[in-house]
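Working notes, beginning with the structure itself.
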């Protein structure tokens, strides 16, 4: 399993600027309905402009003092990556139900992290899950839960603990990932600071 896309330094910089512009324009009450489009040709973004236009999922995570301040994303991309990231940045800042909308004062001390997700595929063997490499999603009995690949590392979880916390996040009893009919997916992500 390896990422099916790549983002060069120019593309990462473009996505970082895009995410910041999405949040900053809303904070300044100058919210733009649509983001700037990726450049077509002739600069550092040219090589893999296809990845920016590919329907990939993305998450935007905002932290303050290393504490979560907002995190919203989509597991499955249904629109070009740059459009998805634009919406997720704004959603992480202003629509995460766990937090009040981000303020300009908070933004001044915030850190922004971007995760670009590859396609979800059924996990063929839970023993093959590598903590820090694989993100997981679980669907069972109308419940679902997802973790980005970096979460178990940040929390200090091993693989069994990771799977149990995934069940809890989905609102399911421990061990539900083993139940007949449970669907366990894995994916990889490219994670970088913005």
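Numbering (this note's numbering), first residue to last: -1 to 192. Backbone N, C-alpha and C define an ideal beta-carbon position, used for all residues, glycine too. This structure is a prediction, so every number in the text was calculated from the model and none was measured.
Can you tell me where the beta strand (DSSP E) with residue 111 in it begins and where it stops?
Indexing the chain shown from 1 puts residue 111 at position 113. Where residue 111 is concerned, the enclosing beta strand (DSSP E) stretches over 108 to 115.
What residue from 14, 186, 187, 170 has the CA that sits closest to residue 180's CA?
Reading the chain shown from its first residue, position 182 is the one you call residue 180. Comparing Cα-Cα distances from residue 180 to each of 14, 186, 187, 170, the minimum goes to 170.
Determine the direct distance from the alpha carbon of residue 147 to that of residue 134, and round the result to whole angstroms.
Position 136 of the chain shown, counted from the start, is the residue given in the question as residue 134. Position 149 of the chain shown, counted from the start, is the residue given in the question as residue 147. Roughly 7 Å between the two C-alpha positions.
Best match in 110, 185, 96 for proximity to residue 128 [C-alpha to C-alpha]
As a working note, residue 128 is residue 130 in the chain shown. Looking at 110, 185, 96, the one whose alpha-carbon comes closest to that of residue 128 is 185.
Range of the contiguous beta strand (DSSP E) that encloses residue 67
Counting from one through the chain shown, the residue named residue 67 turns up at place 69. From DSSP, the beta strand (DSSP E) with residue 67 extends over 65 to 72.
If you reduce the DSSP assignment to three classes, tell me which class residue 46 lands in.
Working through the chain shown from its first residue, we reach residue 46 at position 48. Any reading at residue 46 must be qualified, since the residue scores a pLDDT of 46, below 50, and its modelled position is unreliable; the value itself is stated next. Note: residue 46 maps to coil in three-state DSSP.
Classification of residue 98 by the beta-carbon crowding that lies within 10 angstroms, buried from 16 upward
Working through the chain shown from its first residue, we reach residue 98 at position 100. By the C-beta density criterion, residue 98 is exposed, having fewer than 16 other C-beta atoms within 10 angstroms.
Length of the line joining the Cα atoms of residue 126 and residue 158
Here the question's residue 126 lines up with position 128 in the chain shown. Here the question's residue 158 lines up with position 160 in the chain shown. Their Cα atoms are separated by approximately 12 Å.
Between residue 131 and residue 76, what straight-line distance do the alpha-carbon atoms span, to the nearest angstrom?
The residue given as residue 131 occupies position 133 in the chain shown. The residue given as residue 76 occupies position 78 in the chain shown. Taking the straight line joining both Cα atoms gives about 23 Å.
Using DSSP with H/G/I as helix, E/B as strand and the rest coil, what is residue 84?
Start at 1 with the first residue of the chain shown, and residue 84 comes out as number 86. DSSP places residue 84 in the helix class (H, G or I) of the three-state scheme.
Local Cβ density within 10 Å of residue 42, reported as buried at 16 or more and exposed below that
As a working note, residue 42 is residue 44 in the chain shown. Any reading at residue 42 must be qualified, since the residue scores a pLDDT of 48, below 50, and its modelled position is unreliable; the value itself is stated next. With fewer than 16 other CB atoms across the displayed protein chains lying within 10 angstroms of its CB, residue 42 is exposed.
Just the C-alpha distance for residue 45 and residue 173, rounded to the nearest angstrom, thanks.
Walking along the chain shown from the start, residue 45 turns up at place 47. Walking along the chain shown from the start, residue 173 turns up at place 175. Caution is warranted here: a pLDDT of 46 is assigned to residue 45, below 50, making its placement in the model unreliable, and the coordinate value is therefore given only provisionally. Residue 45 and residue 173 have their alpha carbons spaced roughly 44 Å apart.
Determine the DSSP secondary structure at residue 52, reduced to helix, strand or coil.
Working through the chain shown from its first residue, we reach residue 52 at position 54. The three-state secondary structure of residue 52, taken from DSSP, is coil.
Could you work out which residue in 83, 34, 175 is closest to residue 124 when comparing CA atoms only?
Position 126 of the chain shown holds residue 124. Closest by C-alpha distance to residue 124, out of 83, 34, 175, is 175.
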